[in-house]
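Same order as they appear, the protein sequences are chains Y and P. Each residue of the first sequence is one higher than the one before, starting from 181 at the first, in the numbering used here. Each residue of the second sequence is one higher than the one before, starting from 2 at the first, in the numbering used here. The C-beta atom is built at its ideal place from N, Cα and C for all residues, glycine as well.
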Amino acid sequence: MINDIFSLAVPYILAGLGGLFTEITGSLNIALEGQILTGAFWAIAVTKITGSIPLGIAAAVLSSTLLSFITAFFSFRLKANIFIAGLASNMLSFGLVSVFSILFFGNSGIIRITAPPGYLHTVFFAIAAAAIALSHYALYKTPGGLRMKAAGMAEDVLYYRGINPDFYKYTALLLSGVLCGLSGASLSFSIGAFVPNISAGRGWIALVAVYLGYRRPVGVILSCLLFASAESMSSWMQGVMGVPATIILSIPYLVTLLVLTVISIIRNKTKTGIRPDSSGMSRRNF
Amino acid sequence: MKNDYLSAGKELIITPAIVIAVSVITIFSLSRHPFQTLYYFFTSPFSNFLFFGNMMNTAGLLIIASLGVTIVFKAGMFNLGGEGQIYAGAFTATAVSLFFPESNPFFIIVLSLSAGSMAGAFTGFISGYLKNRWETNELISSFLLSSALIHIVNYFITGSMADSKSYLITTRAVSESFRLRQLFSPSKLNISFFIAIISALASYLYLYKTAGGFQLRETGKNRVFAWFSGIKTGYFTVISFTASGALHGLTGGFAILGTYYMCAQDCTAGLGWSAIAVSLIGRNNPLLIIPSAIFISFMDTGMTGITLYTDFPFELNSIIQAVVFLFITTKIIKNGGTGDKRYF
Numbered sequence: 181m182i183n184d185i186f187s188l189a190v191p192y193i194l195a196g197l198g199g200l201f202t203e204i205t206g207s208l209n210i211a212l213e214g215q216i217l218t219g220a221f222w223a224i225a226v227t228k229i230t231g232s233i234p235l236g237i238a239a240a241v242l243s244s245t246l247l248s249f250i251t252a253f254f255s256f257r258l259k260a261n262i263f264i265a266g267l268a269s270n271m272l273s274f275g276l277v278s279v280f281s282i283l284f285f286g287n288s289g290i291i292r293i294t295a296p297p298g299y300l301h302t303v304f305f306a307i308a309a310a311a312i313a314l315s316h317y318a319l320y321k322t323p324g325g326l327r328m329k330a331a332g333m334a335e336d337v338l339y340y341r342g343i344n345p346d347f348y349k350y351t352a353l354l355l356s357g358v359l360c361g362l363s364g365a366s367l368s369f370s371i372g373a374f375v376p377n378i379s380a381g382r383g384w385i386a387l388v389a390v391y392l393g394y395r396r397p398v399g400v401i402l403s404c405l406l407f408a409s410a411e412s413m414s415s416w417m418q419g420v421m422g423v424p425a426t427i428i429l430s431i432p433y434l435v436t437l438l439v440l441t442v443i444s445i446i447r448n449k450t451k452t453g454i455r456p457d458s459s460g461m462s463r464r465n466f
Numbered sequence: 002m003k004n005d006y007l008s009a010g011k012e013l014i015i016t017p018a019i020v021i022a023v024s025v026i027t028i029f030s031l032s033r034h035p036f037q038t039l040y041y042f043f044t045s046p047f048s049n050f051l052f053f054g055n056m057m058n059t060a061g062l063l064i065i066a067s068l069g070v071t072i073v074f075k076a077g078m079f080n081l082g083g084e085g086q087i088y089a090g091a092f093t094a095t096a097v098s099l100f101f102p103e104s105n106p107f108f109i110i111v112l113s114l115s116a117g118s119m120a121g122a123f124t125g126f127i128s129g130y131l132k133n134r135w136e137t138n139e140l141i142s143s144f145l146l147s148s149a150l151i152h153i154v155n156y157f158i159t160g161s162m163a164d165s166k167s168y169l170i171t172t173r174a175v176s177e178s179f180r181l182r183q184l185f186s187p188s189k190l191n192i193s194f195f196i197a198i199i200s201a202l203a204s205y206l207y208l209y210k211t212a213g214g215f216q217l218r219e220t221g222k223n224r225v226f227a228w229f230s231g232i233k234t235g236y237f238t239v240i241s242f243t244a245s246g247a248l249h250g251l252t253g254g255f256a257i258l259g260t261y262y263m264c265a266q267d268c269t270a271g272l273g274w275s276a277i278a279v280s281l282i283g284r285n286n287p288l289l290i291i292p293s294a295i296f297i298s299f300m301d302t303g304m305t306g307i308t309l310y311t312d313f314p315f316e317l318n319s320i321i322q323a324v325v326f327l328f329i330t331t332k333i334i335k336n337g338g339t340g341d342k343r344y345f
């Protein structure tokens, strides 16, 4: 059971850390979902064609980073609304995945590969652990991390110090691409196949994990573990209690909402000061 | 205010120009017969009553939903739950109109539409209430609630409400007498389009010409200042979210009674996201939402046209749409207005 939760948590953790970087630099990257999907597809597609798993993982990272670059370029360089740009990236990833799927394999359905070796599981777990450690180190112990936080908090400060805040925003978005690519690869390799809509809302949940985790790496990890337990609980309920599958799909969302509400109640009780300036209202706490 | 219209006006010409240029380029690079595809892309929305009427009908639905997005935005928040609220509204309206026997169509139509918008309003209310009471982030709560709702509605559609005779995953069809009359037969255009226009005007008047609308916008601009000025910020938080949910639910109701006639699985999927795009392109101004909705609907209809008339594969549609969305809010040409960037 515990083992199960940890392995379910790996894709969430990787995507959640990606979301954390963009969130810290003050950009709301809703394209996590599409990035995961892209990563998951290219991991399987390249592995099936070349037969090499490392190449598959590299392709996943590359494709997902490319997609995140599109979001970044349009929202930072061309000043598009980042929400719409993210929405577009999600649509683009869905479209491109099915087009390439038809191009390579003749249909846009399930793509299977020969079962990947068991240790791959451990490899992804190690990658996730390394990602946690590295992002904590990068965010709290390096000047770059500090500047990233500054880019989200007060862009002007960086600007007047002669540092380009957009550089850090780009970096954060590209990092989210790398991490989501890994997340997608871990997702599709864990079942040894690509299934349409394999991401199934994980990008969105990862985004929620960032908020739930107070935008700190440790908090994000804990919330990701929470979602993983909700997911494992719902599959258990399906198996043991015979709850219909469609209802099961809604449980992770409802559990998250419940936790979110409880946390906001606790946070609200302990907070002093005037009420109307809610935490959600400030520019960056969004 | 004046300046807002001026720069928005500029944008409403420049943005479509860019978008059209982009879609032309995309079609050229993806289609085997680009000229034929382009021809159908631009002419099919106007080629017959069916396409034109359907385009206007979709625009009407988009207008109502994006008014829901706008009203919350004006109160300084964001409703990401549109998808689920529309779907829940659609399902509730279907359920109500299937439940009653065929008597007094007008009454039943009104009843199912109100039931639909009540369903949406209730979901919206939850997010608004949580936000006001405990400062729960409304972006997340509305999205989570909506995602959960979609699966719950699917549970009913695939389970107890399923039409066993149909090969689709759907409920039974609403009886003929409860369907909104088609004004431009054979297209689906019906009274909902005109209700949408009236709602846009009414929302404009409410937001910009009444004390309540002023207070709502003040709440959105600076909550602390509004609170100290004696504005009931909590009231506007809850009411705007409830109204938003109601408008989304109404969209769902209209979509069923006027367009789809049965609640098939995912029949309204995408409407909520498009409504957000419409609202942002229209600068969250109820009057500018009307042209922006028609524009998005035009793109949509053109896309349907090329899938029907040419060999352009269906999967490429979403790519064109994505490219359009990428370019739609870009500021390639600098203009004075900064727009409502505060939230992103």
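Close to chain Y, meaning a Cβ-Cβ distance shorter than 7 Å, are the following residues of the stretch 319 to 330 of chain P: S319, I320, Q322, A323, F326, L327, I329, T330. Residue nearest to P:G306 within the set P:A22, P:L31, P:L39 is P:L39 (criterion: CA-CA distance).
DSSP places P:D301 inside the alpha helix (DSSP H), whose first and last residues are 287 to 310. Here DSSP, grouped into helix, strand and coil, assigns Y:R292 to strand.
With fewer than three CB-CB distances shorter than 8 Å, the stretch 99 to 112 of chain P does not count as touching the stretch 270 to 281 of chain P. The criterion of a C-beta distance shorter than 8 Å is not satisfied by P:K210 and P:G77. Judged by DSSP in its simplified three-state form, P:F101 adopts coil rather than helix or strand. Residue state for P:A265 is assigned as strand, using DSSP reduced to three classes. Among the CB atoms of chain Y, one or more fall inside 8 Å of the CB of P:I141. Under the DSSP assignment, Y:V226 falls in the alpha helix (DSSP H) whose first and last residues are 212 to 230. Look at P:T137 here: in three-state DSSP terms it is coil, with no helix or strand label.
Within the same chain, and ignoring the five residues on either side of P:V25 in sequence, the residues whose Cβ sits closer than 8 Å to its Cβ are L39. Looking at the DSSP output, Y:F374 bridges to Y:I291. The bridge partners DSSP lists for P:A163 are P:T172.
What Y:I445 touches in chain P, judged by beta-carbon distance under 7 Å, is W135, going in chain order. Among the residues facing chain Y, P:I295 is not included, as its CB has no counterpart in that chain under 8 Å away. With the criterion set as a beta carbon lying under 7 Å from some beta carbon of chain P, the members of the stretch 253 to 268 of chain Y are F254, L258, K259, A260, N261, I262, F263, I264, A265, L267, A268, in sequence order.
Taking 8 Å as the CB threshold, Y:G275 lines the interface with chain P. Exclusion of the five residues before and after P:S143 leaves N80, L81, G82, S128 as the residues of its chain whose Cβ lies within less than 7 Å of its Cβ. Cβ neighbours of P:Y261 within its own chain (closer than 6 Å, five residues either side excluded): C268.
Among the residues facing chain P, Y:Y391 is included, as its CB has a counterpart in that chain under 8 Å away.
Within the stretch 227 to 269 of chain Y, the runs of alpha helix (DSSP H) that reach at least 4 residues and sit entirely inside it are, in chain order, 233 to 252. P:S115 is the residue among P:V23, P:F107, P:P187, P:S115 whose C-alpha sits nearest the C-alpha of P:I87. Scanning chain Y for C-beta atoms nearer than 8 Å to the C-beta of P:E316 yields G275, S278, V279, I282, S288, reported in chain order.
When CB distances to chain Y are screened at a threshold of 8 Å, the residues of the stretch 159 to 170 of chain P falling below it are T159, G160, in chain order.
Annotation: Y:T218 has no Cβ neighbours in chain P at a cutoff of 9 Å; minimum Cβ distance is about 12 Å. Between P:L181 and Y:A195, the alpha-carbon positions lie close to 45 Å from each other. In this structure, DSSP gives P:N318 a helical state, which the three-state scheme calls helix. Using a Cβ distance threshold of 8 Å, P:A89 and P:G250 count as a contacting pair. Following the DSSP letters along the chain, one finds Y:T322 in no alpha helix (DSSP H), marked with neither H nor E.
Only residues of its own chain outside the window of five on either side were considered, and among them I290 have a CB closer than 6 Å to the CB of Y:V375, listed in chain order. For P:Y88, no Cβ of chain Y is located within less than 8 Å of the residue's own Cβ.
Below the 8 Å Cβ cutoff, chain P contributes H152, I153, Y156 as neighbours of Y:I427, in chain order.
Rounded to the nearest whole angstrom, the CA to CA distance from Y:L338 to Y:K259 is 19 Å. Any Cβ of chain P closer than 8 Å to the Cβ of Y:S430 would place that residue at the interface, and such an atom is present.
Excluding residues up to 5 positions away in sequence, I210 lie with their Cβ nearer than 7 Å to the Cβ of Y:L267 in the same chain.
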